[in-house]
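The working numbering numbers the first residue of the sequence shown as 15 and each following residue consecutively. Quick reminder that beta carbons are idealized off the backbone N, C-alpha and C, glycines included. Below is one structure, written out as C-alpha coordinates, with a few remarks after it.
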Amino acid sequence: MGGGVTPPTILSRVEPQYSEEARKARYQGTVVLESVVKKDGTVDILRVVRSLGFGLDENAIQALKQWRFKPGMRNGIPVDVALNIEVNFNLR
(Lines of atoms letter the chains of each structure in order from A and count residues from 1; the text may use other names and numbers.)
(Lines give C-alpha, C1' and ligand atoms only; values in the text may rest on other atoms or scores of the structure.)
Protein backbone atom coordinates (compact mmCIF):
# COMPACT_ATOMS: atom_id res chain seq x y z
CA MET A 1 0.00 0.00 0.00
CA GLY A 2 2.46 2.68 1.18
CA GLY A 3 2.59 6.20 -0.21
CA GLY A 4 0.64 7.68 2.68
CA VAL A 5 -2.45 5.60 1.90
CA THR A 6 -4.64 4.49 4.80
CA PRO A 7 -6.08 1.01 4.17
CA PRO A 8 -9.75 0.36 3.49
CA THR A 9 -11.91 -0.91 6.36
CA ILE A 10 -14.87 -3.28 6.13
CA LEU A 11 -18.28 -1.66 6.70
CA SER A 12 -20.45 -4.68 5.86
CA ARG A 13 -19.56 -8.29 5.20
CA VAL A 14 -21.65 -11.08 3.68
CA GLU A 15 -20.70 -14.57 4.82
CA PRO A 16 -20.08 -17.04 1.98
CA GLN A 17 -22.36 -20.02 1.44
CA TYR A 18 -20.93 -23.50 1.86
CA SER A 19 -21.35 -25.76 -1.15
CA GLU A 20 -23.12 -29.05 -0.40
CA GLU A 21 -20.06 -30.95 -1.63
CA ALA A 22 -17.73 -29.10 0.78
CA ARG A 23 -20.16 -29.50 3.68
CA LYS A 24 -20.43 -33.27 3.14
CA ALA A 25 -16.63 -33.52 2.98
CA ARG A 26 -16.39 -31.30 6.11
CA TYR A 27 -13.90 -29.19 4.14
CA GLN A 28 -12.64 -25.95 5.71
CA GLY A 29 -10.08 -23.32 4.76
CA THR A 30 -9.46 -19.89 3.30
CA VAL A 31 -9.89 -18.59 -0.24
CA VAL A 32 -7.57 -15.65 -1.02
CA LEU A 33 -8.74 -13.20 -3.69
CA GLU A 34 -6.58 -10.54 -5.33
CA SER A 35 -8.90 -7.53 -5.32
CA VAL A 36 -9.20 -3.79 -5.67
CA VAL A 37 -11.27 -1.87 -3.13
CA LYS A 38 -12.61 0.98 -5.23
CA LYS A 39 -12.90 4.56 -4.04
CA ASP A 40 -16.70 4.07 -3.87
CA GLY A 41 -16.27 1.20 -1.37
CA THR A 42 -17.13 -1.63 -3.77
CA VAL A 43 -14.77 -4.47 -4.69
CA ASP A 44 -13.36 -5.60 -8.03
CA ILE A 45 -12.03 -9.16 -7.89
CA LEU A 46 -9.04 -9.76 -10.13
CA ARG A 47 -8.19 -13.42 -9.53
CA VAL A 48 -8.11 -16.31 -7.08
CA VAL A 49 -4.71 -16.42 -5.35
CA ARG A 50 -5.45 -19.45 -3.12
CA SER A 51 -8.14 -21.88 -4.20
CA LEU A 52 -10.09 -24.39 -2.12
CA GLY A 53 -12.13 -26.09 -4.83
CA PHE A 54 -15.45 -27.78 -3.96
CA GLY A 55 -17.26 -24.73 -5.40
CA LEU A 56 -15.97 -22.57 -2.55
CA ASP A 57 -13.94 -20.21 -4.76
CA GLU A 58 -17.07 -19.17 -6.64
CA ASN A 59 -19.02 -18.78 -3.39
CA ALA A 60 -16.23 -16.62 -1.94
CA ILE A 61 -16.34 -14.38 -5.02
CA GLN A 62 -20.13 -14.02 -4.81
CA ALA A 63 -19.92 -13.09 -1.11
CA LEU A 64 -17.03 -10.64 -1.57
CA LYS A 65 -18.86 -8.80 -4.36
CA GLN A 66 -21.44 -7.84 -1.71
CA TRP A 67 -18.96 -6.56 0.88
CA ARG A 68 -18.75 -2.78 1.35
CA PHE A 69 -15.73 -0.85 2.55
CA LYS A 70 -14.77 2.58 3.75
CA PRO A 71 -12.24 3.26 0.96
CA GLY A 72 -8.53 3.76 1.41
CA MET A 73 -7.55 7.41 1.67
CA ARG A 74 -4.58 9.47 0.51
CA ASN A 75 -4.44 13.05 1.79
CA GLY A 76 -8.13 12.84 2.73
CA ILE A 77 -9.18 11.74 -0.76
CA PRO A 78 -10.67 8.26 -1.44
CA VAL A 79 -8.45 6.11 -3.68
CA ASP A 80 -8.56 2.62 -5.19
CA VAL A 81 -6.42 0.16 -3.19
CA ALA A 82 -5.20 -3.25 -4.39
CA LEU A 83 -4.99 -5.97 -1.76
CA ASN A 84 -5.50 -9.67 -1.13
CA ILE A 85 -8.69 -10.45 0.79
CA GLU A 86 -9.19 -13.69 2.72
CA VAL A 87 -12.61 -15.35 2.79
CA ASN A 88 -12.82 -18.06 5.45
CA PHE A 89 -14.91 -21.22 5.37
CA ASN A 90 -15.38 -22.81 8.79
CA LEU A 91 -17.97 -25.38 9.80
CA ARG A 92 -19.56 -24.37 13.06
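Annotation: Arg40 to Phe103 spans about 10 Å, alpha carbon to alpha carbon. By the criterion of a C-beta distance shorter than 7 Å, Ser33 is surrounded in its chain by Phe68, Gly69, Leu70 and Asn73, once the five residues flanking it on both sides are discounted. When DSSP states are grouped into helix, strand and coil, Asp94 belongs to the coil group. The closest CA to that of Leu78, considering only Lys53, Glu48, Met87 and Leu105, is found on Glu48. If you ignore the 5 residues before and after Lys84, its C-beta comes within less than 7 Å of the C-beta of Pro22, Thr23, Leu25 and Gly55, all in its own chain and listed in chain order.
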